[in-house]
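Structure, as structure tokens:
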Amino acid sequence: MKKLILGLSLLATASAMAATQGTLTLRGVIQQVLSIEVTAEAGASNLDLSADTNNYKVATVKEISNSRTGYKVKIESQNKGKLVHQDGANISNVAYTLKYGNTAVNLGSAQDISQNQAGSYNDSKDVTISYSGDSQNQLVAGQYSDTVQFTIMAN
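Structure, rendered in structure tokens:
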């Protein structure tokens with residue numbers, strides 16, 4: 044009987060000491076997204092190099108980021124801002140300038156355009172070029188080209 048009373052008293056004590064509050068921790072994870080998509084305009088591959096061209100839209104770039112440190116887009120011209128003749132720059136070239144959105148880009152070296160604030164971004168920017176045309180008798184016949192690379196990265 045003593046054992047039964049002792050057991051009941053221990054059980055009553057344990058019940059009396061039961062917590063009156065509990066916690067539940069909920070967590071979720073969002074993975075970082077960094078994405079860039081370049082869509083060329085039809086005229087980008089058929090430029091009239093004999094006519095002056097000002098702010099001619101050649102592409103749209105879509106930037107997607109949810110980086111908590113912001114992001115930057117690195118813009119780099121293979122030929123440093125020149126449309127180069129198919130046989131090489133020493134044959135002939137046409138210098139051009141480029142704007143990314145409303146920002147003039149120095150194509151002489153790679154340039155970073157930064158979005159320094161954390162956030163969720165889904166932005167599109169126009170890419171435009173300008174150049175002074177030369178008459179056909181001043182340029183060597185052939186194809187002129189440059190490749191511009193856009194790279195998105197977290198800050």
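The opening position of the sequence shown corresponds to residue 44 in this note's numbering, with each subsequent residue numbered one higher. A virtual CB, placed ideally from N, CA and C, is assigned to each residue, including glycine.
Requested in this report: Quick one: give me the first and last residue of the beta strand (DSSP E) that residue 196 is part of.
Outcome: 191–197
Requested in this report: Using alpha carbons as the reference points, say which of 151, 71, 184, 143 lies closest to residue 129.
Outcome: 184
Requested in this report: Quickly, what does DSSP pair residue 155 with across the bridge? List them, please.
Outcome: 117
Report task. Apply the 10 Å Cβ neighbour rule to residue 148 and answer buried if 16 or more other Cβ atoms are within range, or exposed otherwise. Result -> buried
Query - Contacts around residue 84, its chain only, beta-carbon distance under 7 angstroms, and the 5 residues preceding and following it disregarded - result: 100, 101, 102
Report task. Given a cut-off of 8 angstroms, decide if residue 191 and residue 88 are closer than it, judged by their beta-carbon atoms. Result -> no
Query raised in the report: With residue 163 and residue 140 assumed to form a contact (beta carbons below 8 angstroms), what rounded beta-carbon distance in angstroms separates them?
Result: Rounded, the Cβ-Cβ distance is 32 angstroms, inconsistent with contact.
Report task. Using 10 angstroms around the beta-carbon of residue 195, count the other beta-carbons present and answer buried if the total reaches 16, otherwise exposed. Result -> buried
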